[in-house]
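*Asks:*
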Amino acid sequence: MLFTVYTRQQLLKCIQTARSSGKKIGFVPTMGALHQGHIALIRQAKASCDIVICSIFVNPTQFNNPTDLEKYPRTVAADRALLYEANCDVLFLPEVSELYPDGLQLMPINLNGLDTVMEGVFRPGHFAGMVTVVNHLFYAVMPDVAFFGEKDFQQLAIIKYMVNELNLPISIVACATIRETDGLAMSSRNIHLTTEERKQASVIFKTMEACSKLKSDKTPGQLKQWVKNEIERSGIFGLEYVSFVDAATLQPLQQWQLAPQRICLAVTTSKTRLIDNMAL
Ligand code: AMP
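Sequential numbering from 1 applies to the sequence shown in this note's numbering.
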């Protein structure tokens, strides 16, 4: 049974019922246009929690580009069907005024430099909006555990940092990226790819994968140039950035290290922008 609730008040009733019978609450925040990547998070939540709440909210404060916000896909009926099939218990579907009753104000928080690299450079203000909405959602849902995808690796690192800084009693679980059979990371934005772009998009995964081997022969700087050439070779995609980073601090590497390191990149196409990352 999937309950759909629209207000904090309605949600509170569900939470109180669950809490009074000692149930563990899992939470999966999303912006909708759900695909199997999101559903993997729901299934992971179902496996370790008694009640799973999924939110769908296209958060206006994290879009630095108004056209991007406007054209963000909204497919609530199909989303609901997928959530039902995955045995999700509650769908929280708030209006903007429900989550931002005092207007679109941002939460002030120092993110210790995690927000000033990569996406932070190309999408100014994105993470301020993201942490604000996740905070509002956390206070509304009060989960024991929240599930986030490694697909948005920088977001995940920032959420972990925020939860620690604010001493929130919520465990954060990271879920592996779910990919199409050719390696393209599933994303709500993939529907904006043209047929030709979709056909060529596996170059993103293949290029990242090759980096694990190539790094024994090249410095991070040399490998960045190689990645750019590979991505842009077909003339279809542009490389917005590629960064080899320390997986904990997200700071760019000048040389390879033993501690966990990651390749993170953003690629542009005619109508959209895709991000992806991989452990090295
Ligand atoms: P979004 O709706 O894009 O804001 O994503 C909601 C959650 O789903 C975030 O924690 C994402 O990291 C996660 N997610 C999105 N795509 C994938 C994917 N392909 N594999 C795993 N998790 C994903």
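We put the beta carbon where it would ideally sit given N, CA and C, even for glycine.
1) Is the beta carbon of C175 within less than 7 angstroms of some heavy atom of the ligand AMP?
2) Report the rounded CA-to-CA distance for V227 versus R19, giving the unit in angstroms.
3) Using DSSP with H/G/I as helix, E/B as strand and the rest coil, what is G129?
4) Looking at the ligand AMP, does it come within less than 7 angstroms of H38, judged from the CB to the closest heavy atom?
5) Three-state secondary structure (DSSP) at D152?
6) What is the DSSP secondary structure of E95, counted as helix, strand or coil?
7) For E230, count neighbouring Cβ atoms within 10 angstroms of its own Cβ and tell me buried if that reaches 16, exposed if not.
8) Sorted by chain position, which residues of the same chain lie with C-beta nearer than 7 angstroms to G129's C-beta, five sequence neighbours on each side aside?
9) What residues are listed by DSSP as bridge partners for D50?
10) Taking 8 angstroms as the threshold (C-beta atoms), are T269 and F237 in contact?
11) Could you tell me which uninterrupted beta strand (DSSP E) segments, each at least 3 residues in length, are contained entirely in the segment 58-126, listed from first to last along the chain?
12) Which residues share a DSSP beta bridge with R262?
13) Look at the Cβ atom of I204, then the Cβ atom of V267, and state whether they are nearer than 8 angstroms.
14) In three-state terms, what does DSSP make of A176?
15) Whole angstroms are fine: how far does the CA of P66 sit from the CA of E98?
16) Rank V131, D68, Q254 by C-alpha distance to the C-alpha of G221 and give the top, closest one.
17) Helix, strand or coil: how does DSSP classify A45 here?
18) Does the beta-carbon of P143 have 16 or more other beta-carbons within 10 angstroms, so that it is buried, or is it exposed?
19) Report the rounded CA-to-CA distance for S48 versus I42, giving the unit in angstroms.
20) If you drop the 5 nearest sequence neighbours on each side, which residues of the same chain put their C-beta closer than 8 angstroms to that of F3?
*Replies:* So, from the data block:
1) yes
2) Pairing V227 with R19, the inter-Cα distance amounts to about 49 angstroms.
3) In the structure shown, G129 sits in a helix (DSSP, three-state: H, G or I).
4) Because some heavy atom of the ligand AMP lies under 7 angstroms away, the Cβ of H38 counts as near it: yes.
5) helix
6) coil
7) Within a 10 Å sphere around the beta-carbon of E230 sit 16 or more other beta-carbons, which makes this residue buried.
8) N59, T61, Q62, L106
9) Residue pairing by DSSP places D50 in no beta bridge whatsoever.
10) Yes.
11) 90-92
12) V245, A279
13) yes
14) coil
15) 21 angstroms
16) Q254
17) helix
18) P143 is buried by the Cβ-count criterion.
19) 10 angstroms
20) Non-local beta-carbon contacts of F3 in its own chain, meaning distances under 8 angstroms to residues more than five positions away in sequence, involve C14, D89, V90, L91 in chain order.
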